[in-house]
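See structure below.
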Amino acid sequence: SIYTGVTLEDDVFCGPSMVFTNVVNPRSHVSRKHEYQQTLIRRGATLGANCTIVCGHTVGRYAFVGAGAVVTRDVPDYALVLGNPARLAGWVCECGVRLTGKTAIESPVRCSSCGLQYQAINGGIVRASD
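Numbering-wise, the numbering used here comes out as the position in the sequence shown, counting from 1, plus 37.
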């Protein structure tokens, strides 16, 4: 289900049985609708099967959340995150191909599949100008 407070931008992939939460500490007998937190899934992101996105976080543009991951903090643009809790495992291209198996990349890096080029900036990556 997509709850109040969850925003999906264009071209987001939500895998089978993935989950959004809307309250940090839910209880069935306590109404917490006033505590709903905003969750933003940016353009082109992939949310893998059975992953959980804990409310109040942003998943960046074209980021890839692996199957079964539990997102408990913001995910940068183009990041690949895996595990519970989800941790940075590398970077992915807009086409979905893994750019590197490392969390730090040498700049620039070119996608082996589609040829798009990326550069490292401030601990993350951005698509280089065409």
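Beta carbons are placed, not taken as given, at the ideal position from N, Cα and C, and that holds for glycine.
- For the pair Q75 and G42, the CB atoms are nearer than the 8 Å cut-off.
- Excluding five sequence positions before and after F101, the CB atoms of its chain that fall closer than 6 Å to its own CB belong to T83, L117, V129, given in chain order.
- One alpha carbon belongs to R110, the other to V56, and they sit about 15 Å apart.
- Distance from the CA of N87 to the CA of V134, rounded to the nearest whole angstrom, comes to 20 Å.
- For A157, the enclosing beta strand (DSSP E) starts and ends at 154-158.
- Annotated as distal: G103 and L125, with beta-carbon spacing of 8 Å or more.
- DSSP places V67 outside any beta strand (DSSP E), giving it a letter other than H or E.
- The alpha-carbon separation between D47 and R64 amounts to approximately 32 Å.
- Q156 is positioned such that its CB atom lies no closer than 8 Å to that of R147.
- Between V49 and the set K139, D114, R80, A123, the nearest pair of CA atoms involves R80.
- Note on geometry: alpha-carbon atoms of S166 and P145 lie some 11 Å from one another.
- As computed with DSSP, C51 is found in a beta bridge with L84.
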